[in-house]
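Just below is one structure, and these are the notes that go with it.
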Amino acid sequence: MGEFAYRIDHVLWLICFLLLIVSMVYKLDISSRIALTVWVIGNLVMDKAQPFVMDLATVYEDTGPSFWYITWSAVDVLCVWCIYKLHIVHDIPASKLTRYIMVCLLSLCALQFMRYADRMIFDTNLLSEMYKYTIVSINISVVPFAIFWFVQDIQTLRKGVVL
Numbered sequence: 002m003g004e005f006a007y008r009i010d011h012v013l014w015l016i017c018f019l020l021l022i023v024s025m026v027y028k029l030d031i032s033s034r035i036a037l038t039v040w041v042i043g044n045l046v047m048d049k050a051q052p053f054v055m056d057l058a059t060v061y062e063d064t065g066p067s068f069w070y071i072t073w074s075a076v077d078v079l080c081v082w083c084i085y086k087l088h089i090v091h092d093i094p095a096s097k098l099t100r101y102i103m104v105c106l107l108s109l110c111a112l113q114f115m116r117y118a119d120r121m122i123f124d125t126n127l128l129s130e131m132y133k134y135t136i137v138s139i140n141i142s143v144v145p146f147a148i149f150w151f152v153q154d155i156q157t158l159r160k161g162v163v164l
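Under the numbering used here, the first residue of the sequence shown carries the number 2, and numbering increases by one thereafter.
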C-alpha cells in the first residue's frame with residue numbers, strides 16, 4: 002500500500018498543479034485558486050520534507066515519532082491559516098472548494114493528533130490501518146472536487162460569454 006499510495010499521491014499532486022495552472026489562464030474563481038494553490042504548495046513542502054522528517058523520526062526513537070506527527074499537523078494548520086488569512090485580508094468569500102480543502106486539511110491535522118495519541122500516549126496502535134488509508138483517501142478526494150470545480154467554472158464562463 003505504501004508504494005502505491007506514494008505513486009498515486011504524486012500523480013494526484015500533478016493533476017492539482019495542472020488544474021491550478023489552467024485555472025490561472027482562464028482566470029477562474031479566485032477563492033478556489035487560492036485554496037488550490039495553498040494545497041499544492043503544502044503538499045509540495047510535505048513531499049520534499051518527508052525524507053528529512055522520516056530520517057529524524059527513525060534516528061531518534063524516543064522523540065522522532067512525535068516530531069513526525071507534529072510536523073505534518075503544523076503544515077496542515079499553516080495551510081488552513083494561509084487560506085483563511087488571504088480570504089480575510091482580501092475580503093473574498095470562501096468557495097465550496099475552498100471550504101472542502103480547509104476541511105480536508107483540518108481532518109488531516111486531527112488524524113495526525115489521533116494517531117499520535119494512539120501510538121505515543123496510549124500505546125495501542127489501533128489506528129495504524131485507518132491512518133494509512135484515510136490520509137491517502139483525503140488526498141485523493143481533493144482531485145475530483147477540484148476537477149468538478151474546474152469544469153463548473155469553465156461552463157459558467159462559457160455561459161457568460163454566450164449571453
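Virtual Cβ for every residue (Gly too), placed ideally from N, Cα, C.
All values derive from a computational prediction rather than experimental measurement.
Selection from I9, I84, W40, L87 that minimises the alpha carbon distance to L20 = W40
query = Does DSSP put L87 in a helix, a strand or coil?
reply = If DSSP states are grouped into helix, strand and coil, L87 belongs with the helices.
request  = Using beta-carbon positions only, say whether L98 and W150 come within less than 8 angstroms of one another.
outcome  = yes
key: Endpoints, alpha helix (DSSP H) assigned at F53   = 31-60
For L37, the nearest candidate out of M131, M115, D119, C80 (CA to CA) = Closest option to L37, judged by alpha-carbon separation, among M131, M115, D119, C80: C80.
inquiry  = Does the CB of A111 have a neighbour CB from chain B at under 8 angstroms?
reply    = The structure shown contains no chain B; it is built from a single protein chain.
query = Does DSSP classify A95 as helix, strand or coil?
reply = coil
query = Could you give the distance in angstroms between the alpha-carbon of H91 and the alpha-carbon of C83?
reply = Whole-angstrom Cα-Cα distance: 12 angstroms.
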